[in-house]
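Asker: One structure is given below, represented as structure tokens, and several questions about it will come after.
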Amino acid sequence: MHGIIEIKHVFYRYEKDSVLEDINISVPVGSFLAIVGPNGSGKSTLLKLILGLLKLQKGDIFLFGEEISKFKDWQKIGYVSQKANSFNTGFPATVFEVVSSGLTKKLGLFTFFKKEHKEKVMEALDAVGMKEFSTRNIGELSGGQQQRVFIARALVSEPKLLILDEPTVGVDVENVHSFYDMLGDLNIRRGITLLLVTHDIGTVSDKVTHVACLNKHLHFHGDTEEFEQLNQDGLSKVYGHDVHVLAHNHEHGGVRN
Ligand code: ADP
12 MHGIIEIKHV FYRYEKDSVL EDINISVPVG SFLAIVGPNG SGKSTLLKLI LGLLKLQKGD
72 IFLFGEEISK FKDWQKIGYV SQKANSFNTG FPATVFEVVS SGLTKKLGLF TFFKKEHKEK
132 VMEALDAVGM KEFSTRNIGE LSGGQQQRVF IARALVSEPK LLILDEPTVG VDVENVHSFY
192 DMLGDLNIRR GITLLLVTHD IGTVSDKVTH VACLNKHLHF HGDTEEFEQL NQDGLSKVYG
252 HDVHVLAHNH EHGGVRN
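Residue numbers (my numbering): 12 to 268.
This is how it looks when you write it as structure tokens:
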């Protein structure tokens, strides 16, 4: 059985520093995987390997069943980087324009189809709950709203897999639940496979279906239920604090650290 991403026995070192050792992760089609780990645990390095931005040194990565060195279908993968949502108030672009820029790769097709172009942008904004903000200036929005717009920008080219680097960093604590609800919708209703990376294990939501805990080695990889049942002591040793899934839509609200 092939996952959308298969990481097999991956090792990586920067000169003398070994930062990833024997990483094995499978991302099933339609799943929502959170890779969690403290700062310096190798998350960005692993993402760069998956995105083909760093060359594999040892091990294999398969994307959509294809060896990464031969993989060409990059438009199937949407990526939202960590620094996406840091526009100043004066930044001269509307939300619509920012999302449209996600279509540049396909622009040739759309030059004569302005209406279709507009519909795609509005649909992507709708998917992230930001349709009514299309004419607003991107810089006027909150960090969380900007993050949604950048997700829409990645969605507009209709990826099958969406990769998000620390997406909740700019999101206010009170908005984290609704942000995860939106991601859950993309995952379940739109069938997009999601991979997110976060240092904040306290924000792992019950919308997530699988969890991988990284700290140079893979300390855990399994579904959310198995993650919940984990020996808390074991993970506290790795992360320095208690670890829970941030449950929501429950009477007593979220469980946070
Ligand atoms: P994370 O994203 O979890 O914070 P990184 O993958 O950025 O972790 O970093 C893992 C380790 O690799 C850290 O110790 C970091 O200092 C080191 N590292 C990251 N990038 C480089 C680089 N370009 N050269 C040397 N060391 C690096």
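For each residue, glycine too, the CB sits at the ideal point set by N, CA and C.
Hey, which unbroken runs of the beta strand (DSSP E) at 3 residues or more fall wholly within the region 18 to 93?
Answerer: 28 to 38, 43 to 47, 69 to 74, 88 to 91, all fully within the region 18 to 93.
Asker: Who are the near neighbours of L60 in its chain, counting only those whose CB is closer than 7 Å to its CB and skipping five residues on each side?
Answerer: The answer, listed in chain order, is V21, Y23, L67, I72.
Asker: Skipping 5 residues on each side, what residues in its chain have a beta carbon closer than 6 Å to that of S92?
Answerer: Closer than 6 Å at the Cβ level, and outside the excluded window around S92, lie D176.
Asker: Once you ignore the five residues that flank L65 on each side, which residues in its own chain have a CB closer than 8 Å to its CB?
Answerer: So the list reads Y23, T56, K59, once near-sequence residues are dropped.
Asker: What number of angstroms, rounded off, separates the C-alpha of D137 from the C-alpha of A104?
Answerer: Rounded to whole angstroms, D137 to A104 spans 19 Å at the Cα level.
Asker: How many Å lie between L31 and G63 at the Cα?
Answerer: Taking the straight line from one Cα to the other gives about 16 Å.
Asker: Cβ of N50 within 7 Å of any heavy atom in the ligand ADP?
Answerer: The answer is yes for N50.
Asker: Could you tell me whether the region 159 to 170 touches the region 135 to 149, where touching means 3 or more Cβ pairs closer than 8 Å?
Answerer: Taking 8 Å as the limit for Cβ pairs, the verdict is that the region 135 to 149 does touch the region 159 to 170.
Asker: Helix, strand or coil for D196, going by three-state DSSP, please let me know.
Answerer: Residue state, collapsed to three classes: helix.
Asker: Check whether the Cβ of D28 lies closer than 7 Å to any heavy atom of the ligand ADP, and answer yes or no.
Answerer: D28 Cβ: within cutoff of the ligand ADP.
Asker: Can you check whether the CB of G14 is closer than 8 Å to the CB of S29?
Answerer: Going by C-beta atoms, S29 is not nearer than 8 Å to G14.
Asker: Measure the C-alpha to C-alpha separation of N198 and P49 and round it to an integer number of angstroms.
Answerer: When rounded, the distance between both Cα atoms is 25 Å.
Asker: So, at 8 Å on beta carbons, what are the nonlocal neighbours of P170 in its own chain, with the 5 sequence-adjacent residues on each side left out?
Answerer: The residues are Q86, K87, I88, G89, I203.
Asker: Using 7 Å as the cut-off, classify the Cβ of G213 as near or not near the heavy atoms of the ligand ADP, replying yes or no.
Answerer: Every heavy atom of the ligand ADP is 7 Å or more from the Cβ of G213, so no.
Asker: Who are the Cβ neighbours of I18 in its own chain at under 7 Å, not counting the five residues just before and after it?
Answerer: Excluding residues within five positions, the ones whose Cβ falls inside 7 Å are I34, N35, I36, I72.
Asker: Between the C-alpha atoms of S153 and K81, what's the straight-line distance to the nearest angstrom?
Answerer: The alpha-carbon atoms of S153 and K81 are separated by roughly 39 Å.
Asker: By alpha-carbon positions, which one of R147, S52, T220 ends up nearest to E108?
Answerer: The shortest Cα separation from E108 among R147, S52, T220 belongs to R147.
Asker: What is the rounded straight-line gap between the Cα of A223 and the Cα of K131?
Answerer: Cα to Cα, the separation comes out at about 33 Å.
Asker: Just to confirm the assignment, what range does the beta strand (DSSP E) spanning D234 have?
Answerer: From DSSP, the beta strand (DSSP E) with D234 extends over 228 to 234.
Asker: Let's test the definition: count the other Cβ atoms within 10 Å of the Cβ of G76 and tell me whether it reaches 16, buried, or not, exposed.
Answerer: The residue is exposed, with fewer than 16 neighbouring Cβ atoms inside 10 Å.
Asker: The ligand ADP heavy atoms versus the CB of S55: any closer than 7 Å?
Answerer: S55 Cβ: within cutoff of the ligand ADP.
Asker: Confirm, please, whether the CB-CB distance from V219 to D46 is below 8 Å.
Answerer: The identity of residue 46 in the sequence shown is Ile, whereas the question assumes Asp. No.
Asker: Alpha carbon to alpha carbon, how far is I174 from E236?
Answerer: Distance between the alpha carbons of I174 and E236 is about 22 Å.
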